[in-house]
Amino acid sequence: MPTFSFAEPVHFHNYLLNIRQKNSEDIFASRYKAQCNRIVFHGWEIVDYKIDTGLGDGYNITATISHVSLGRRTVRCKYLVGADGGQSTVRQLAGIDMEGNETTYRWVRIDGRMKTNMPEPNLVFGSLETKTHGNVLWAKLDRDAYRIGFALTPSLQAKYPNGLTQEDVVQEAADCLKPFTLEIERVDWWTQYNVKQKVAATLQKDDYILLAGDAGHTHSSVFAQGMNAGVHDATNLVWKLAGTLKGWYKPGTLATYATERRAAALKLISIDKLAAAAVSGDVPPEYQRAGLTAEDALHSILETNMSFNIGLGVSYEESILNQAPTATTIFPGTRSPDVLLHAPGPLVPVRLHSITHRDNNGRWSLLVFAGCHHVTRQKFAELREKVTTPGARLASWNHLLNISTIMMGAVGSAWDAFDGPALGKLYFDTESLAHDRYGVYPDHGAIVVVRPDGILAFAAGLDQLENVEEFFDKICA
Ligand SMILES: Cc1cc2nc3c(=O)[nH]c(=O)nc-3n(C[C@H](O)[C@H](O)[C@H](O)COP(=O)(O)OP(=O)(O)OC[C@H]3O[C@@H](n4cnc5c(N)ncnc54)[C@H](O)[C@@H]3O)c2cc1C
Numbered sequence: 013m014p015t016f017s018f019a020e021p022v023h024f025h026n027y028l029l030n031i032r033q034k035n036s037e038d039i040f041a042s043r044y045k046a047q048c049n050r051i052v053f054h055g056w057e058i059v060d061y062k063i064d065t066g067l068g069d070g071y072n073i074t075a076t077i078s079h080v081s082l083g084r085r086t087v088r089c090k091y092l093v094g095a096d097g098g099q100s101t102v103r104q105l106a107g108i109d110m111e112g113n114e115t116t117y118r119w120v121r122i123d124g125r126m127k128t129n130m131p132e133p134n135l136v137f138g139s140l141e142t143k144t145h146g147n148v149l150w151a152k153l154d155r156d157a158y159r160i161g162f163a164l165t166p167s168l169q170a171k172y173p174n175g176l177t178q179e180d181v182v183q184e185a186a187d188c189l190k191p192f193t194l195e196i197e198r199v200d201w202w203t204q205y206n207v208k209q210k211v212a213a214t215l216q217k218d219d220y221i222l223l224a225g226d227a228g229h230t231h232s233s234v235f236a237q238g239m240n241a242g243v244h245d246a247t248n249l250v251w252k253l254a255g256t257l258k259g260w261y262k263p264g265t266l267a268t269y270a271t272e273r274r275a276a277a278l279k280l281i282s283i284d285k286l287a288a289a290a291v292s293g294d295v296p297p298e299y300q301r302a303g304l305t306a307e308d309a310l311h312s313i314l315e316t317n318m319s320f321n322i323g324l325g326v327s328y329e330e331s332i333l334n335q336a337p338t339a340t341t342i343f344p345g346t347r348s349p350d351v352l353l354h355a356p357g358p359l360v361p362v363r364l365h366s367i368t369h370r371d372n373n374g375r376w377s378l379l380v381f382a383g384c385h386h387v388t389r390q391k392f393a394e395l396r397e398k399v400t401t402p403g404a405r406l407a408s409w410n411h412l413l414n415i416s417t418i419m420m421g422a423v424g425s426a427w428d429a430f431d432g433p434a435l436g437k438l439y440f441d442t443e444s445l446a447h448d449r450y451g452v453y454p455d456h457g458a459i460v461v462v463r464p465d466g467i468l469a470f471a472a473g474l475d476q477l478e479n480v481e482e483f484f485d486k487i488c489a
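Numbering (the working numbering), first residue to last: 13 to 489.
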């Protein structure tokens, strides 16, 4: 039985960075410009849209947009993605309700240049338990800035019945850090807001309207999940939508966006309910029974949900995209493991994820794990024969597949191992880590299907190509 190995990390980014959203957005925008030669249009507001499927050219949506100085225009499109924030106009025009609660929790956040005698202010995150301001957040941000955040507890809300001014929040920030000193030398930004924990009733309406980001789900900022969840939405949606527009997929493939991401949003909100209460100084009932303080409860909630919060543990239920494997021990719907491999020749290793994401063009990865070639040689040759025979079913999906062969050990060339070429590019799994992490028996080998967003989809034996073909039959047009 293959075993999980700790000889290598399961990811390759062991650091934390707090980049303020306005700076992240600049980075995204400049990458968008550099990579796609496109820009984000600022200042245009969607005010209405209509769907007419009778126009016959597929551009079923006519949206009306408005600009303060350029006036109104109409834009025709095939799909409309409402990524227009918590107050989403698209969501309201589509008549999609938000389901959930507005809590009584009210929080303050201030970014700026600050001086303190608190120990270790440059640790990326700090959390201070107080009797007066809930659980105080301290974060080292980009450039010379820090963020401090505190809860407006019932007594603070009573102290400021009309809300706080900037002067008030600066004073309360200094108070919440006592006995340490805090001097706020420059305020870059501050906010006070109510925590809302809501999810849209659906993320897809009338086939062509989709919601993403805060338009589809809102919650507190306790575990810094808002933009992260929006990026997960985008990663999940973009390849399904692009593939649908190209005519690659059946309608059911795009429909999985709404089911997968709404379930993830509900999970996020269930965690947020516990964490937002603990940060505000309330112990959630299930933690009261265990006799924990709010601080201990917060710690426990953070530890339990760490993998989901950092994004690596986000997973999706079984569906047409995530099907029970007929070989290996992979868990479809979870993130594909990353390991280091070697291409023939260079000593510099290559990340498996850089192979599966090599073009970032919405293609699926078919990873042919060849196992121990002394044993699998015959099976591999038979698979190659089936795949390369003219008219092979798999060949009809060549435009959406990247095929790679991963074999245990290393040889001079694929011909030495398989009496012929590899399927796609050949990589060496010299330490067998990839075979271990993907639960592939060395004597059997396997075909592992990875979605364009890096999620494991399916796996079958080297002699079960028809299972892989059935998998793609269910999702491809
Ligand atoms: C205090 C605070 C701290 C946070 N900290 C974090 C954190 O550390 N990490 C994290 O991941 N998230 C954090 N978040 C959450 C994060 O800011 C949001 O989840 C994220 O901004 C949502 O992105 P979005 O693109 O969906 O919506 P938004 O950022 O709200 O963007 C929506 C865009 O749509 C535009 N728009 C609105 N209406 C229309 C219209 N009618 N037509 C056209 N355009 C329109 C808006 O102008 C805006 O540009 C925090 C939130 C708060 C309040």
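Every residue gets a Cβ at the ideal spot worked out from N, C-alpha and C, and that includes glycine.
What are the boundary residues of the beta strand (DSSP E) that Phe470 is part of?
Your numbering for residue 470 matches position 458 in the sequence shown. Here the beta strand (DSSP E) through Phe470 covers Leu468 to Ala472.
What do you get for Phe40, buried or exposed, if any count of 16 or more other CB atoms within 10 angstroms of its CB means buried?
On the sequence shown, position 28 is the one that residue 40 refers to. Classification for Phe40: exposed.
On the DSSP bridge list, what partners appear for Gln216?
In the sequence shown, residue 216 corresponds to position 204, counting from 1. Its beta-bridge partners are Leu222.
What residue from Thr128, Ser232, Ala254 and Ala472 has the CA that sits closest to Leu92's CA?
The residue you call residue 92 lines up with position 80 of the sequence shown. Scanning Thr128, Ser232, Ala254 and Ala472 for the CA closest to the CA of Leu92 turns up Ala254.
CA-to-CA distance, Asn147 to Ala302, given in whole angstroms:
What you label residue 302 is simply residue 290 of the sequence shown in a count that begins at 1. What you label residue 147 is simply residue 135 of the sequence shown in a count that begins at 1. Distance between the alpha carbons of Ala302 and Asn147: 20 Å.
If you draw a straight line from the C-alpha of Glu482 to the C-alpha of Ala471, how long is it?
Against the sequence shown, residue 482 aligns to sequence position 470. Against the sequence shown, residue 471 aligns to sequence position 459. Cα to Cα, Glu482 sits roughly 12 Å from Ala471.
Determine the extent of the beta strand (DSSP E) in which Trp150 is found, giving its start and end residues.
As a first step, residue 150 is located in the sequence shown; it is residue number 138 there, counting from the start. Asn147 to Lys152 is the span of the beta strand (DSSP E), which, as asked, contains Trp150.
Counterpart residues of Val230 in DSSP-defined beta bridges
In the sequence shown, the residue the question calls residue 230 occupies position 218. Val is not the amino acid found at residue 230; the sequence shown has Thr there. According to DSSP, Thr230 bridges with Lys210.
If you drop the 5 nearest sequence neighbours on each side, which residues of the same chain put their C-beta closer than 6 Å to that of Pro14?
Taking the sequence shown and counting its residues from 1, one reaches residue 14 at position 2. Because Pro14 sits at a pLDDT of 40, beneath the cut-off of 50, its placement in the model cannot be relied upon, and the following sentence gives the value as read from the coordinates. Only Asp448 and Gly451 meet the Cβ criterion.
Should Phe16 go down as buried or exposed, given a rule of 16 or more other Cβ atoms within 10 Å for buried?
Locating residue 16 in the sequence shown gives position 4, counting from the first residue. In this prediction, Phe16 scores a pLDDT of 39, lower than 50, which makes its location untrustworthy; the coordinate-derived value is nonetheless stated afterwards. The residue is exposed, with fewer than 16 neighbouring Cβ atoms inside 10 Å.
Give me the residue from Ala95, Gly97, Asn72 and Ile322 with the minimum Cα distance to Thr86.
Indexing the sequence shown from 1 puts residue 86 at position 74. The shortest C-alpha separation from Thr86 is found at Asn72.
Own chain, CB closer than 8 Å to Pro433, minus 5 neighbours either side, in chain order:
Mapped onto the sequence shown, residue 433 falls at position 421. Taken in chain order, the residues that qualify are Arg396, Ala426 and Trp427.
Pick helix, strand or coil for Trp56, following the three-state DSSP scheme.
For this step, residue 56 is matched to residue 44 along the sequence shown. In this structure, Trp56 counts as strand in the three-state DSSP scheme.
Does the beta carbon of Tyr44 fall short of 7 Å from some heavy atom of ligand 1?
What you label residue 44 is simply residue 32 of the sequence shown in a count that begins at 1. It does not: the Cβ of Tyr44 is nowhere closer than 7 Å to a heavy atom of ligand 1.
My understanding is that Lys152 touches Asn129, with C-beta atoms under 8 Å, so please give their C-beta distance in whole angstroms.
The count along the sequence shown starts at 1 and reaches residue 152 at position 140. The count along the sequence shown starts at 1 and reaches residue 129 at position 117. Asn129 and Lys152 do not touch by the CB rule: their CB atoms are close to 16 Å apart, not below 8 Å.
Please classify Asp284 as buried or exposed, where buried requires at least 16 neighbouring CB atoms within 10 angstroms.
For the purposes of this step, residue 284 is taken as the residue at position 272 of the sequence shown. Its Cβ being crowded by 16 or more others within 10 Å, Asp284 is buried.
Nearest-angstrom Cβ-Cβ length linking Thr265 and Ile467, presumed shorter than 8 Å:
Locating residue 265 in the sequence shown gives position 253, counting from the first residue. Locating residue 467 in the sequence shown gives position 455, counting from the first residue. Not quite, the Cβ-Cβ distance comes to about 13 Å (not below 8 Å), so this is no contact.
Just how far apart, CA to CA, sit Ala157 and Asn30?
Here the question's residue 157 lines up with position 145 in the sequence shown. Here the question's residue 30 lines up with position 18 in the sequence shown. One C-alpha to the other measures close to 10 Å.
Measure the Cβ-Cβ separation of Ile367 and Ser416 and say whether it is below 8 Å.
Here residue 367 refers to the residue found at position 355 when the sequence shown is read from its first residue. Here residue 416 refers to the residue found at position 404 when the sequence shown is read from its first residue. Cβ atoms of Ile367 and Ser416: closer than 8 Å.
Near ligand 1: Thr74 beta-carbon under 7 Å from a heavy atom:
Here residue 74 refers to the residue found at position 62 when the sequence shown is read from its first residue. Outside the cutoff, so no.
Taking Leu278 as the reference, give the member of Leu257, Ser319, Thr230 and Glu315 with the closest Cα.
Position 266 of the sequence shown, counted from the start, is the residue given in the question as residue 278. The shortest Cα separation from Leu278 among Leu257, Ser319, Thr230 and Glu315 belongs to Thr230.
Any chance the segment 375-392 sits against the segment 407-424, with 3 or more Cβ pairs inside 8 Å?
yes
Taking just the CA atoms, how far does Ala241 sit from Ile122?
Numbered from 1 along the sequence shown, position 110 holds the residue referred to as residue 122. Numbered from 1 along the sequence shown, position 229 holds the residue referred to as residue 241. Near 22 Å, if we compare the C-alpha coordinates of Ala241 and Ile122.
Are the beta-carbon atoms of Val326 and Ala288 separated by less than 8 Å?
Along the sequence shown, one-based indexing puts residue 326 at 314. Along the sequence shown, one-based indexing puts residue 288 at 276. Contact flag unset, no.
Classification of Ile51 by the beta-carbon crowding that lies within 10 angstroms, buried from 16 upward
Locating residue 51 in the sequence shown gives position 39, counting from the first residue. Flag for Ile51 reads exposed.
Given a threshold of 16 other Cβ atoms within 10 Å of its Cβ, counted over all protein chains shown, does Asp350 qualify as buried or as exposed?
Start at 1 with the first residue of the sequence shown, and residue 350 comes out as number 338. By the neighbour-count rule (16 or more Cβ atoms within 10 Å), Asp350 is buried.
Considering only heavy atoms of ligand 1, does any lie closer than 7 Å to the CB of Ser233?
Translated into the one-based positions of the sequence shown, residue 233 becomes position 221. Under cutoff, so the answer is yes.
Buried versus exposed, by CB contacts within 10 Å (16 or more), Asp69:
If you number the sequence shown from 1, residue 69 lands on position 57. Sixteen is the threshold: since fewer than 16 other Cβ atoms of the shown chains lie within 10 Å of the Cβ of Asp69, the residue is exposed.
Who are the near neighbours of Asn294 in its chain, counting only those whose CB is closer than 7 Å to its CB and skipping five residues on each side?
Taking the sequence shown and counting its residues from 1, one reaches residue 294 at position 282. This sequence places Asp at residue 294; Asn is not what is there. Excluding residues up to 5 positions away in sequence, Ala306 lie with their Cβ nearer than 7 Å to the Cβ of Asp294 in the same chain.
One question on the structure: do Gln178 and Trp150 come within less than 8 Å of each other, judged by their Cβ atoms?
Indexing the sequence shown from 1 puts residue 178 at position 166. Indexing the sequence shown from 1 puts residue 150 at position 138. 8 Å or more divides the Cβ of Gln178 from the Cβ of Trp150.
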